[in-house]
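Encoded as structure tokens, the structure appears first; notes follow it.
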Ligand code: ADP
Ligand code: GN1
Ligand code: MG
């Protein structure tokens with residue numbers, strides 16, 4: 010879609026919601042890789058300016074946006090009740106969806122794109138890198154707590170918004186197929202990275218096998234627990250709200266733990282081109298471990314806790330493999346902002362996997378301290 014068409018469809022979407030005043034500005038917002046996110050400023054007429062998050066959902070990736078919004082509404086209204094029971098503020102501690110003028114929790118524009126809007130969470134920030142270790146700890150408590158709040162949620166009623174999202178074994182098989190096809194003739198230059206994936210078949214299979222053997226339970230999980238999917242209060246520095254609920258589905262707790270580690274315990278950005286800056290910081294790993302186990306409030310089994318380091322390694326490996334798959338396919342999934350962006354991202358993830366392998370015993374010892 011061209012820029013003009015985007016603007017016109019966005020304007021159409023804005024017209025079809027009531028944000029309580031006149032929309033006075035629209036800007037692109039955030040660093041998500043999937044949806045198109047905009048910040049709207051609204052003149053509410055009483056001298057105050059309101060803000061709204063408007064998103065064009067990625068229909069290529071989320072094939073059933075209506076089902077997805079059903080999940081989001083069901084999960085957020087469930088969370089709302091739990092948050093009230095705990096004496097919290099449901100307007101800040103969970104996402105709140107705007108209803109479109111036609112009464113639906115989304116708007117479908119005239120070319121079939123789906124738009125949704127969230128109440129803006131004021132005085133809070135989503136971070137792309139750990140600025141203060143305490144923030145990372147707080148995010149761990151919040152992601153653990155999120156899972157605890159949803160522990161009794163009727164999981165069977167959730168739609169699977171992306172099939173096999175963390176089925177690492179299936180992603181491994183698909184990776185091999187993509188290498189085989191090599192549509193964009195990029196495989197020759199990334200032989201080292203391809204070999205890295207092929208050497209890690211066991212990493213791709215272990216968690217799925219343990220789940221099938223009943224050693225790891227399926228729970229309602231977030232499945233995309235990177236630091237920028239949590240809002241941290243600017244004053245209290247508490248992680249107040251888990252956002253980006255598009256992938257809330259039954260999954261493994263160790264994967265929620267692991268995805269946070271791969272993003273937040275890295276000493277470098279996810280797309281850092283200089284790999285000498287990228288390591289797995291064990292003090293951050295420890296802080297997150299402590300916070301996550303606390304946040305889950307005794308819900309994790311002993312086996313799950315023991316497998317936390319494996320969750321970190323598997324999620325990091327899987328994400329690297331996904332970036333490499335996308336690079337080989339011509340950058341069709343993740344948004345990129347420069348040439349070889351997905352390749353840079355893939356390399357940071359594999360560097361982290363190697364570093365975790367080198368630090369494996371230390372990671373296990375850290376987890377043991379909190380069992
Ligand atoms: P994506 O799926 O593309 O990652 P997100 O839903 O995570 O999209 O949104 C992208 C960014 O927009 C977030 O990282 C955050 O900075 C901001 N954001 C999203 N929802 C809200 C909200 N309700 N209030 C304030 N900021 C938000
Ligand atoms: C995507 O939507 P966002 O930017 O929070 C992706 C995650 C990846 C992540 C890598 C639906 O997350 O799975 O781990 O990029 N989300 C989806 O940064 O594929
Ligand atoms: Mg996000």
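Residue numbers (this note's numbering): 10 to 380. All residues carry an ideal CB built from backbone N, CA and C; glycine is no exception. What you are looking at is a predicted structure, and each value in this text was computed from that prediction instead of being measured.
In the structure shown, the three-state DSSP call for residue 60 is strand.
Runs of the alpha helix (DSSP H) lying entirely within the region 143 to 211, each at least 4 residues long, are 177 to 190, 200 to 207 in chain order.
The nearest non-hydrogen atom of the ligand ADP is 7 Å or more from the C-beta of residue 68. Residues close to the ligand ADP by the beta carbon criterion (under 5 Å to any non-hydrogen atom) are, from first to last along the chain, 39, 41, 43, 44, 46, 62, 127, 129, 130, 135, 237, 252, 253.
Residue 268 has its alpha-carbon roughly 16 Å from the corresponding atom of residue 376.
Shortest gap from the CB of residue 279 to any heavy atom of the ligand GN1: under 7 Å. The distance from the Cβ of residue 337 to that of residue 145 is about 32 Å, inconsistent with a contact at the 8 Å cut-off. Its chain contains 103, 104 as the residues whose beta carbon lies nearer than 6 Å to that of residue 85, once the 5 sequence neighbours on both sides are disregarded; these appear in chain order.
Using a Cβ distance threshold of 8 Å, residue 229 and residue 188 do not count as a contacting pair. The beta carbons of residue 26 and residue 109 sit about 5 Å from each other, so the pair counts as a contact at 8 Å.
Counting the other Cβ atoms within 10 Å of the Cβ of residue 346 gives fewer than 16, which makes it exposed. Following the DSSP letters along the chain, one finds residue 242 inside the beta strand (DSSP E) bounded by residues 239 to 242. In the DSSP assignment, residue 369 falls within the alpha helix (DSSP H) that extends over 369 to 378. Here residue 282 carries a coil assignment [DSSP, helix/strand/coil]. Per the Cβ contact rule, the region 247 to 263 is in contact with the region 147 to 157 (3 or more Cβ pairs under 8 Å). Annotation for residue 268: no beta strand (DSSP E) segment contains it, though the alpha helix (DSSP H) segment containing it runs 262 to 273. The nearest non-hydrogen atom of the ligand GN1 is less than 7 Å from the C-beta of residue 256. DSSP, read as helix, strand or coil, puts residue 79 in helix.
Under a 10 Å Cβ-count criterion, residue 232 is classified as buried, with 16 or more other Cβ atoms of the shown protein chains found around its own Cβ. Exclusion of residue 72 from the 7 Å shell around the ligand GN1 follows from its C-beta lying no nearer than that to any non-hydrogen atom of the ligand. At a threshold of 7 Å, residue 152 does not count as near the ligand GN1, since its beta carbon sits no closer than that to any of the ligand's heavy atoms. Closest in C-alpha terms to residue 274, from the list 169, 332, 339, 136, comes 136. Closest in C-alpha terms to residue 30, from the list 43, 39, 49, 12, comes 49. Looking at the DSSP output, residue 125 bridges to 64. Linking residue 321 to residue 271 through their CA atoms gives a straight-line distance of about 6 Å.
Put simply, the backbone Cα of residue 22 is about 26 Å away from that of residue 169. By DSSP's assignment, residue 366 forms no beta bridge with any residue.
In summary, residue 10 is exposed, with fewer than 16 beta-carbon neighbours lying within 10 Å of its beta-carbon over all protein chains present. Taking non-hydrogen atoms of the ligand GN1 into account, the C-beta of residue 328 is found less than 7 Å away from one of them.
If you compare the alpha carbons of 58, 199, 373, 127 with that of residue 66, the shortest gap goes to 127.
According to DSSP, residue pairing for residue 34 in a beta bridge involves 50. For residue 286 and residue 206, the gap between their C-alpha atoms comes out near 22 Å. According to DSSP, residue pairing for residue 228 in a beta bridge involves 260. Residue 268 has its CB nearer than 7 Å to a heavy atom of the ligand GN1.
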